[in-house]
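Those letters in the sequence shown? Residues 373 to 561, by our numbering.
By construction, the Cβ of each residue, glycine as well, lies at the ideal position given by its N, Cα and C atoms.
It should be emphasised that the depicted structure is a prediction, and the values quoted were computed from it without experimental measurement.
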Amino acid sequence: MTDTPSFLQDAQDLLTDKGFATSNVWYHGTSSALVDSINEQGLMRSGDRMMKAAAKKTMATIGNTYTESVEPVFLTQSKELAFYWAQQTVRERGTRIEGEEQPIVLAITLPDNLNSQVRPDVGAASLLMVEEGEHYMAYLAAICERTGVNVPEIDLMKADRMDYLNKLGMAYYDADIDATYLSTVSDQA
């Protein structure tokens, strides 16, 4: 069973044995501490500057260099899956940054010309082979079981690239996303 708030539980409407339905509405999980900045600047690739600075400081302390990489904006077609990633963001930030943070899900409504640029996140294969990925797959399995859908069986190395999107709900957009396309998902709908 997941601890996803009921207003974010949308898998029953999106999930079939073929996977998650897609549209021009995507979701991104983040921390409440980042929402004001995101509402002002939009979703920026590699956007959590405080976490990047903390990692750089840690690496300098132990005598290593830190090379920052530019990551795309990670998206999913499900509020429920975005909530999982929001929880991970809060957990990761909590190890380096003090403060009370809550998981937040943002909705991104893209016009057709931008929506066509959303891609399946096949790079997630490496993530799914480590412990964090195992936790995600367990979370996904719990959603599937709750909604009565078969848990996806996927060979990460041989999977069709669309399986990452359809079966696993993993996508990305390789550019910044303007704040005009964003809204915070809340139970006040």
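query: Cβ shell of residue 443 (< 7 Å), same chain only, five flanking positions each side left out; result: 417 and 418
query: Backbone CA spacing between residue 465 and residue 477 [nearest angstrom]; result: 16 Å
query: Counterpart residues of residue 417 in DSSP-defined beta bridges; result: According to DSSP, residue 417 bridges with nothing at all.
query: Segment limits, beta strand (DSSP E) that includes residue 555; result: 554-556
query: Continuous alpha helix (DSSP H) stretch holding residue 519: start and end; result: 503-519
query: Opening and closing residue of the alpha helix (DSSP H) in which residue 462 lies; result: 451-466
query: Stretch-stretch touch, CB-based, cutoff 8 Å, three pairs: the segment 510-524 with the segment 479-498; result: no
query: Distance between residue 410 and residue 473 (C-alpha atoms, nearest Å); result: 15 Å
query: For residue 385 and residue 431, the rounded distance between their alpha carbons; result: At residue 431 the pLDDT is 47, less than 50, meaning the model places this residue with poor confidence and gives no usable figure here.
query: Residue burial classification, residue 458 (beta-carbon count within 10 angstroms, cutoff 16); result: buried
query: Cross-strand partners of residue 475 (DSSP beta bridge); result: 403
query: Sub-8 Å separation of residue 396 and residue 512 beta-carbons; result: no
query: Candidates 394, 516, 387 and 560, of which the one nearest residue 447 by Cα; result: 394
query: Beta-carbon proximity list for residue 420, same chain, < 7 Å, skipping 5 on both sides; result: With a pLDDT of only 45 at residue 420, under the threshold of 50, the placement of this residue in the model should not be trusted; the figure read from the coordinates follows. For residue 420, where only same-chain residues beyond five positions count, the Cβ hits under 7 Å are 406.
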